[in-house]
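Residue numbers (the working numbering): 6 to 125.
Cβ coordinates follow ideal geometry from the N, Cα and C atoms, glycine included.
Presented below is the structure to which this report refers.
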């Protein structure tokens with residue numbers, strides 16, 4: 006990441022700028038079923054911010070932290086601190102500007118797959 010994206014303080018997390026988001030990083034992040042589930046949940050209410058503990062994931066806390074880090078570092082989500090909680094929001098505007106229609110197509114495909122398989 007460039008110096009402009011380095012954290013300015015101890016409570017800020019580094020995020021790639023819009024121009025630093027790469028398709029291969031986005032696809033890698035969304036290739037994991039747990040991360041795709043997180044993104045589907047965020048996309049259902051894309052204007053809202055949710056803490057990491059909001060998500061009921063079938064993995065340990067340390068693995069949950071890893072998944073959120075991958076999503077943040079790939080540019081899929083933005084994380085900010087609110088008190089001691091990390092709040093998560095989908096970077097839909099950035100993703101739609103860079104890859105028009107891709108996020109919606111991936112989410113629709115994931116929904117169809119979940120309907121066939123019978124769950125998330």
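Original post:
Is residue 41 closer than 8 Å to residue 115 when the C-beta atoms are compared?
Top reply: Yes, the Cβ-Cβ distance between residue 115 and residue 41 is below 8 Å.
Original post:
For the 8 Å Cβ check, are there 3 or more pairs between the region 18-32 and the region 48-62?
Top reply: Counting C-beta pairs with one atom in each stretch, the region 18-32 and the region 48-62 have fewer than three that are closer than 8 Å, which means they do not touch.
Subject >> Limits of the beta strand (DSSP E) - the one that residue 83 falls within >> reply: Bounds of the beta strand (DSSP E) holding residue 83 are 82-87.
**OP:** Go through its chain and collect everything with a Cβ distance to residue 92's Cβ below 8 Å, but skip five positions before and after it.
**Re:** Excluding positions up to five away in sequence, the list reads 54, 55, 56, 84, 85, 86.
Subject >> Beta bridge counterpart(s) of residue 56 as assigned by DSSP >> reply: Note: residue 56 sits in a beta bridge opposite 92.
Subject >> Residue range of the unbroken alpha helix (DSSP H) whose run includes residue 73 >> reply: Per DSSP, residue 73 belongs to the alpha helix (DSSP H) from 66-79.
Subject >> residue 70 at chain D interface by Cβ criterion, 8 Å >> reply: Structure shown: chain D not included; a single protein chain is present.
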